[in-house]
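Just so we're aligned, residue 4 is where the sequence shown starts under this note's numbering, counting upward by one.
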Amino acid sequence: MIYNNKTNNNHRQINQLLLKYSYFLVVLLKKMLTKSSPISTQSNLFHSELFSQLDVKDPLIQLANTINWTVFDDAFEQHYSQDNGRPSKPIRLMVGLLLLKQLENLSDERVVLQFKRNPYYQYFCGYSNYMPGMPCNATELVHFRKRIGVKGFNLIFKMSVALHGKQAQESSVLIDTTVQEKNITYPTDAKLAIKIINRLNKLAKRHGIQQRRTYVKEVKNCRLSIRHFRHVKKRAKAKKL
């Protein structure tokens with residue numbers, strides 16, 4: 004009986020400890036999931052600081068220091084939940100990637116890849132330390148555009164237009180309409196007929212249809228005759244075909 008009482012007491016103590024730790028873990032996870040994820044500006048022992056190694060006169064550095072990023076934080080903060088969900092990507096990062104996409108005329112996949120390779124991109128997006136990894140998946144830019152909606156995208160577009168300066172506000176645009184030759188053959192009737200015959204022969208062979216005549220020899224002779232019809236004296240015959 005004494006042994007059973009001791010084991011029961013041990014089980015009760017273990018259960019109480021598990022309940023306490025489980026409650027602590029639930030509270031901690033809840034805080035982690037609901038807490039926002041701003042970009043860390045603290046120095047890192049393993050990654051060097053960007054600003055001390057970059058050219059201060061670079062256009063991206065100057066743009067990053069002149070843009071009022073709090074405008075985007077105030078405008079897009081309403082689209083994020085404060086109670087549930089995993090920590091989302093910083094607004095500064097997503098807006099910076101979209102601005103770089105517009106400025107450099109890049110795709111979603113390309114701008115994410117360039118962020119990893121280019122430290123100036125990282126500083127423009129708010130990072131003070133060099134990050135060797137990818138900032139996010141390219142599909143997250145699509146989700147971000149859907150989240151902010153048309154008004155949010157127009158706000159980013161207005162900022163990109165303002166960054167381009169007078170070049171984006173011109174009343175007239177010069178367009179080069181020079182006609183360039185393309186390496187495309189002219190679709191003559193003979194060529195179309197040859198394509199039709201070859202296509203029908205392939206379909207008949209695929210479906211197991213036995214043909215009385217395939218006109219393969221006639222097609223070869225027709226091709227040779229068309230080739231010789233390029234001569235000036237034989238243009239009349241070529242027009243008939």
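In this text, a Cβ means the ideal position worked out from N, Cα and C, and glycines have one as well. Predicted, not measured: the structure shown is a model, and the values here were computed from it.
Give me whichever residues DSSP pairs with residue i in a beta bridge.
i   : result
E52 : N132
Should residue i and residue j be called a contact, given that it needs their Cβ atoms to be closer than 8 angstroms?
i    : j    : result
L144 : L101 : yes
G129 : F79  : no
L103 : Y124 : yes
V222 : I197 : yes
H82  : R150 : yes
F147 : M97  : yes
Relative to the ligand ZN, is the shortest distance from any of its heavy atoms to the C-beta of residue i smaller than 7 angstroms?
i    : result
S110 : This structure lacks the ligand ZN, and indeed carries no ligand of any kind.
For residue i, which of helix, strand or coil comes out of DSSP?
i    : result
N224 : helix
Y83  : coil
G155 : helix
P93  : coil
R230 : helix
R202 : helix
T73  : helix
Q105 : helix
L57  : coil
R113 : helix
T217 : coil
I212 : coil
M162 : helix
P62  : helix
N140 : coil
N68  : helix
What residue from the options has the CA that sits closest to residue i's CA?
i    : options                : result
N121 : I199, S228, I64        : I64
S110 : I94, R95, N140         : N140
W72  : M162, F147, L203, A207 : M162
T217 : I229, G211, P138, L203 : L203
G99  : H82, Q117, D192        : Q117
M134 : R226, V164, V115       : V115
G136 : I70, K119, S228, H146  : K119
S131 : E112, Q56, G152, N224  : Q56
V74  : L206, R95, V59         : R95
I70  : L158, I200, D58, L195  : L158
P138 : S91, D76, R230, V164   : S91
I229 : F147, V153, R113, D192 : D192
Q214 : H146, T142, I200       : I200
R226 : K205, L206, I212, K194 : K194
A165 : L66, D77, K208, A207   : L66
D77  : P93, K208, P62         : P93
Determine whether the Cβ of residue i lies closer than 8 angstroms to any Cβ atom of chain C.
i    : result
A196 : Structure shown: chain C not included; a single protein chain is present.
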